[in-house]
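Take the position in the sequence shown, starting the count at 1, then add 17; the result is the number in my numbering.
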Amino acid sequence: MNILVSGGLGYIGSHTCVALLEAGHSVIIVDNLSNSKKETAEKIINITNKQVIFYEVDLTDDKAVSMIFDNHKIDGVIHFAALKAVGESIKKPIEYYYNNLVSTMVLVKYCLKYNVNKFVFSSSATVYGENRVPFNELMELFPTTNPYGETKVMSERILKDVAQANPMFSVSILRYFNPVGAHESGLIGESPNGIPNNLMPYITQVAKGKLKKLKVFGDNYPTVDGTGVRDFIHVVDLAEGHVAALNNLKKGVHIYNLGTGKGTSVLELINAFEEANGIKIPYEVVDRRPGDIAECYADVTKAYQELGWRASRDIFRMCKDAWNFEKNNSLDY
Ligand code: NAD
Ligand code: UD1
Numbered sequence: 018m019n020i021l022v023s024g025g026l027g028y029i030g031s032h033t034c035v036a037l038l039e040a041g042h043s044v045i046i047v048d049n050l051s052n053s054k055k056e057t058a059e060k061i062i063n064i065t066n067k068q069v070i071f072y073e074v075d076l077t078d079d080k081a082v083s084m085i086f087d088n089h090k091i092d093g094v095i096h097f098a099a100l101k102a103v104g105e106s107i108k109k110p111i112e113y114y115y116n117n118l119v120s121t122m123v124l125v126k127y128c129l130k131y132n133v134n135k136f137v138f139s140s141s142a143t144v145y146g147e148n149r150v151p152f153n154e155l156m157e158l159f160p161t162t163n164p165y166g167e168t169k170v171m172s173e174r175i176l177k178d179v180a181q182a183n184p185m186f187s188v189s190i191l192r193y194f195n196p197v198g199a200h201e202s203g204l205i206g207e208s209p210n211g212i213p214n215n216l217m218p219y220i221t222q223v224a225k226g227k228l229k230k231l232k233v234f235g236d237n238y239p240t241v242d243g244t245g246v247r248d249f250i251h252v253v254d255l256a257e258g259h260v261a262a263l264n265n266l267k268k269g270v271h272i273y274n275l276g277t278g279k280g281t282s283v284l285e286l287i288n289a290f291e292e293a294n295g296i297k298i299p300y301e302v303v304d305r306r307p308g309d310i311a312e313c314y315a316d317v318t319k320a321y322q323e324l325g326w327r328a329s330r331d332i333f334r335m336c337k338d339a340w341n342f343e344k345n346n347s348l349d350y
């Protein structure tokens, strides 16, 4: 199939392009490079030995998106493009609502116009809010604590309404847990701008010496060792989950958790990283981060039953591949 991948040069999008190309699909990447680099397209080509088409286009630019649908026979869309920094979204709500919601609406509008009925959407476990773990897809959603999370809740709602009005439209909403790690080649991975907000990139930058020491946000949660527990999933497993979702699309809207189903605490992740890579990670415990929940992990039954997909890479592999990418990439990657 010819798949339009929005945000395809970003962290999860680039790994998914590799998985799609390896599964025999063609990809048309649309990205405005707001959080990615053009060279990533070359890296995807290097890894797969297959060509990709790239448009440097902002998805809120209605005319430019229309032109892409005019130029290509598109069979399906995977929509990754979004702004994703939680803290920034609190400071810049309009930018987040505008970018994330208008992008989704423009893409869906042209899918309907050009009879593209396959749509896969990047959502987040953040929509579960403070539900009881493990989170399953039938749970009622609680309000999130920030505009970023709300853009995911609202986009899910928009897609449900569109599918209801257009019975041929098939949507998979994928709720990601905590993607970490990198492609085994070390060519593509996560390279956040500035000081990382998320745990794994912070750890790899401490390992590299770019940052002095990790701050552990709270050790008095009601968890195994008092630190936060998350469902870390290898980004290549996540990428493969998209291929499975695309191959198993059904009419209407279907929601799937993409996680491992296993919770790992912050201290357990530090230990796993140290063991996997033989590097000490200095850390200190500080106050809780506002907005954090104690535990977040998935019930992954539905994705396995309906998509035949489950994550296979363990926490050591995640730590090894995350470090392999960090140490192979210069500061200005
Ligand atoms: P990323 O920032 O690496 O990738 C997003 C890409 O979209 C970037 O390349 C960016 O340049 C592009 N983009 C943003 N707005 C655009 C626009 N208007 N037009 C064109 N391109 C645009 O992020 P990621 O980690 O790969 O996340 C991908 C998706 O998954 C996002 O929707 C994100 O909200 C969601 N998600 C990510 C995580 C995570 O931990 N990384 C967790 C849950 C959900
Ligand atoms: C964050 C986002 C969430 C998003 C998810 C995946 C916030 C508040 N939430 O969630 O919306 O869906 O990423 O991208 O940003 N930690 C430390 N020290 C650090 C960084 C993190 O101790 O320097 C701890 C956190 O307190 C948490 C765990 O590590 O317990 C994971 O944090 P993080 O990687 O930021 O992911 P989430 O909090 O799950």
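In this text, a Cβ means the ideal position worked out from N, Cα and C, and glycines have one as well. Keep in mind it's a predicted model, so treat the numbers as computed, not measured.
N-terminal and C-terminal residue of the alpha helix (DSSP H) that residue i is part of
i	result
Pro110	110 to 114
His259	252 to 264
Lys225	216 to 225
Tyr127	120 to 130
Arg192	Run containing Arg192: none in the alpha helix (DSSP H); it sits in the beta strand (DSSP E), 187 to 193.
Local conformation of residue i per DSSP, three classes
i	result
Tyr165	helix
Tyr350	Only weak support is given to the placement of Tyr350: the predicted model assigns it a pLDDT of 41, under 50, and the value that follows is read from those uncertain coordinates. Three-state DSSP puts Tyr350 in coil, outside helix and strand.
Glu147	coil
Glu173	helix
Arg247	strand
His32	helix
Val197	strand
Lys344	helix
Ser106	helix
Residue i versus residue j - alpha carbon distance
i	j	result
Arg305	Asp236	8 angstroms
Glu157	Tyr145	8 angstroms
Ala311	Val246	6 angstroms
Glu292	Asn195	20 angstroms
Asp178	Asp254	30 angstroms
Pro164	Glu323	31 angstroms
Leu176	Asn288	41 angstroms
Lys337	Ser202	12 angstroms
Asn52	Ile46	14 angstroms
Asp331	Thr281	11 angstroms
Arg334	Thr33	18 angstroms
Ala262	Val137	7 angstroms
Leu118	Thr162	18 angstroms
Thr77	Phe86	14 angstroms
Gly166	Leu38	30 angstroms
Run of the beta strand (DSSP E) containing residue i, from where it starts to where it stops
i	result
Ser141	135 to 141
Ser23	19 to 23
Lys232	231 to 234
Query raised in the report: Is it a yes or a no for the region 264 to 271 touching the region 186 to 202, going by three-plus beta-carbon pairs under 8 angstroms?
Result: The region 264 to 271 vs the region 186 to 202: in contact.
**Report entry** Unbroken stretches of the alpha helix (DSSP H), 4 residues or longer, contained in the region 47 to 93
**Finding:** Listed in chain order, the complete alpha helix (DSSP H) runs (minimum 4 residues) inside the region 47 to 93 are 56 to 65, 79 to 88.
Query raised in the report: Is there contact between the region 91 to 107 and the region 25 to 33, where contact requires at least three CB pairs shorter than 8 angstroms?
Result: Using a C-beta cut-off of 8 angstroms, the region 91 to 107 makes contact with the region 25 to 33, since at least three inter-stretch Cβ pairs fall below that distance.
Requested in this report: For the region 263 to 335, list the alpha helix (DSSP H) runs that are entirely contained and at least 4 residues long, ordered along the chain.
Outcome: If we require 4 residues or more, the alpha helix (DSSP H) runs fully inside the region 263 to 335 come out as 283 to 294.
Query raised in the report: So, do the region 100 to 112 and the region 56 to 65 have three or more beta carbon pairs nearer to each other than 8 angstroms?
Result: The region 56 to 65 and the region 100 to 112 do not touch, with fewer than three beta-carbon pairs separated by less than 8 angstroms.
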